[in-house]
Amino acid sequence: MMVRSLLKFGLCLLAVLCSGLLWLPLGATAGDLQEPEASAPALFETHCAGCHVGGGNIVRRRKTLKQRALERNGVDSVAAIANLITNGKGIMSAYRDRLTAAEIDQLAQYVWQQAQDDWQ
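Mature numbering (1 follows the signal peptide of the UniProt record, and there is no 0) puts the sequence shown at residues -30 to -1, 1 to 90.
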């Protein structure tokens, strides 16, 4: 009889504790765990400036991010720059697996604007 009472008490206690857990906050959501979106200049510094510091190109001098070079190489729009960032070309790596579509678009817009401003 005593064992039965203890078992009932234990089950009731367990039920109360479990129902209380339903009211606790669940903590961080997936959205909270994502890193904040980086700014275009920060993305450029992290992913591009190693080769393209100041809009130049330390690997292939004629393949700069200056307006004239971009036009000469058929990269004459934000979409063309985004395509180049996404898929790469020649010795330039593709970034489709390293950057989100939004980050690629942000970088392409930034590079285009900097080229228009002659990387001032």
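Ideal Cβ placement from N, Cα and C applies to all residues, glycine included.
Report buried or exposed for residue i, applying the criterion of at least 16 other Cβ atoms within 10 angstroms of its Cβ.
i: residue 49; result: exposed
i: residue 86; result: exposed
i: residue 81; result: buried
i: residue 74; result: buried
i: residue 45; result: buried
i: residue -10; result: Because residue -10 carries a pLDDT of 49, less than 50, the predicted location of this residue cannot be relied on, and the following value inherits that uncertainty. The residue is exposed, with fewer than 16 neighbouring Cβ atoms inside 10 Å.
Does the separation of the CB atoms of residue i and residue j fall below 8 Å?
i: residue 51; j: residue 65; result: no
i: residue 35; j: residue 76; result: no
i: residue 10; j: residue 79; result: yes
For residue i, report the span of its alpha helix (DSSP H) as first-last.
i: residue 56; result: 48 to 57
i: residue 84; result: 71 to 86
i: residue 38; result: 37 to 42
What number of angstroms, rounded off, separates the C-alpha of residue i from the C-alpha of residue j?
i: residue 33; j: residue 70; result: 24 Å
i: residue 19; j: residue 25; result: 8 Å
i: residue 12; j: residue 89; result: 15 Å
i: residue 22; j: residue 57; result: 17 Å
i: residue 43; j: residue 63; result: 17 Å
i: residue 37; j: residue 68; result: 26 Å
i: residue 29; j: residue 39; result: 14 Å
Are the C-beta of residue i and some C-beta of chain B separated by less than 8 Å?
i: residue 68; result: Absent here is chain B; the protein component of the structure consists of one chain.
Taking only heavy atoms of the ligand FMN into account, decide whether any of them is closer than 7 Å to the Cβ of residue i.
i: residue 62; result: What this structure holds is no ligand at all, so the ligand FMN is not there to describe.
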